[in-house]
Structures are given as C-alpha cells and as structure tokens.
Amino acid sequence: MKSFLFTVLLTWITTFSFAQSSFKNELTADHQRIPQTKVSLIPPNGFTLAKSYYGYEHKSSDSIIELIALGGPVEDIFEVMTPSELSKQGIEVYSRKPMRIGEYKALWIKGSEWSRGKKFGKHVIVIGNEKGCFLINSNYPARKPNIGEAIEESLKSLVFPSK
C-alpha cells in the first residue's frame, strides 16, 4: 500500500511540476498588434506604444515590454537562457518554465536585476521555432509588484501568429 501511495504521489508531483503550460494564442477585440510585427498582446493599463523600440512603456513607473527578434533556432536560445548564464548578466532567475504558445515552443523566465541603482523585476519570454525566434523582455521596479502582476497578465495574452 505504501508503494502504491508513493507511486501516485510521485506521478502527481511529476505531472504538475514538469507539465508544460500553454496559452490560447487567440486574438480578441482587446489585443493590440505591436507595430511592424505580427505579435499581439493586451497591454497593461497605462502602457503606451514605445517610440524607440518595438513594444510598450509606462514612463512614470519606468516599466517596459519590449519585443526583440533573434536569429537562429529557438532551441539554441533556450540552451543559453539558463540561471547560471543569466546570472553572468546580472539576472537572478526565480523560475524558468517551458511552455507552448499556439504551435510554438516558448520559455518563460521570471527574475530580477539591478540597473541604475534600482532593483527591477523581470519577465522574459523566448518563443519561436527552428527558423527563428523572438524575445519579449519586460522590466518593472521591484518595489511596484502590482505593475509586475499587470505585465504578467499582459504577457499571458500574447498571440504569436501561426506559420
């Protein structure tokens, strides 16, 4: 009986700890396309289109959501987006979660970093396939977790177009 319970518990832990999450990847009336890209999301309240990069900003809180095109297969980028490699860039990783967004592989990293004497919370999503990928980088002041939560909800609305 003990081995049966142990097996059930181990199966449950494995399933819920390592299962990939996924997003619906469906456009709604609230989605906004990031100009000059095919990527859409529902920006957090108070965020406006950035003028110097692809994405959104909230100037008064010093928060951003930025889209960056990366060359190469997404798997190659996943391999270098490890806690040890990111720590070399000053990023402390809290979680690293593989997932799917529509038909694409993705990796969601949550963490923090110091910049200009301030601690910033960070959400990074890498998404793509063998032909190429994008990195969605977001930063917000760590002392404003409500903005971090709004960014997280916005990123959950991410729509990456089908092939």
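Read in order, the letters of the sequence shown are residues -19 to -1, 1 to 144 in mature numbering (1 follows the signal peptide of the UniProt record, and there is no 0). Ideal Cβ positions, reconstructed from N, Cα and C, are used throughout, including at glycine.
Is the region 79 to 87 touching the region 102 to 112 in the sense that three or more CB pairs, one from each, lie closer than 8 Å?
Enough Cβ pairs lie closer than 8 Å, so yes.
DSSP has T29 in a bridge; who is on the other side?
Partner(s): E38.
If you run the structure through DSSP and keep just helix, strand and coil, what is residue 160?
Lying before the first or after the last residue shown, residue 160 is absent from the chain, which here runs from -19 to 144.
Check each candidate in K5, P54 and I46 and name the one with the smallest Cα separation from T29.
Considering only alpha carbons, the answer is I46.
Would you kindly check if the distance between the Cβ of I23 and the Cβ of H12 is under 9 Å?
The answer is yes: Cβ separation under 9 Å.
In this structure, how does DSSP classify G98 when only helix, strand and coil are distinguished?
Here G98 sits in coil by DSSP.
Does DSSP classify L(-10) as helix, strand or coil?
Here L(-10) scores only 34 on pLDDT, less than 50, and its place in the model is too uncertain to base an answer on.
Could you check if A10 is buried or exposed, using at least 16 other CB atoms within 10 Å of its CB as the buried criterion?
Looking at its Cβ environment, which holds fewer than 16 other Cβ atoms inside 10 Å, A10 is exposed.
Counting along the chain, where does the alpha helix (DSSP H) carrying residue 151 start and finish?
Only positions -19 to 144 of the chain appear in this structure, which leaves residue 151 out of reach.
What distance in whole Å lies between the Cβ atoms of I82 and M62, which are believed to be in contact at a cut-off of 8 Å?
M62 to I82, Cβ: 16 Å. No contact.
For the alpha helix (DSSP H) containing V55, list its first residue and its last residue.
Taken as a continuous stretch (DSSP letters only), the alpha helix (DSSP H) holding V55 covers V55 to V61.
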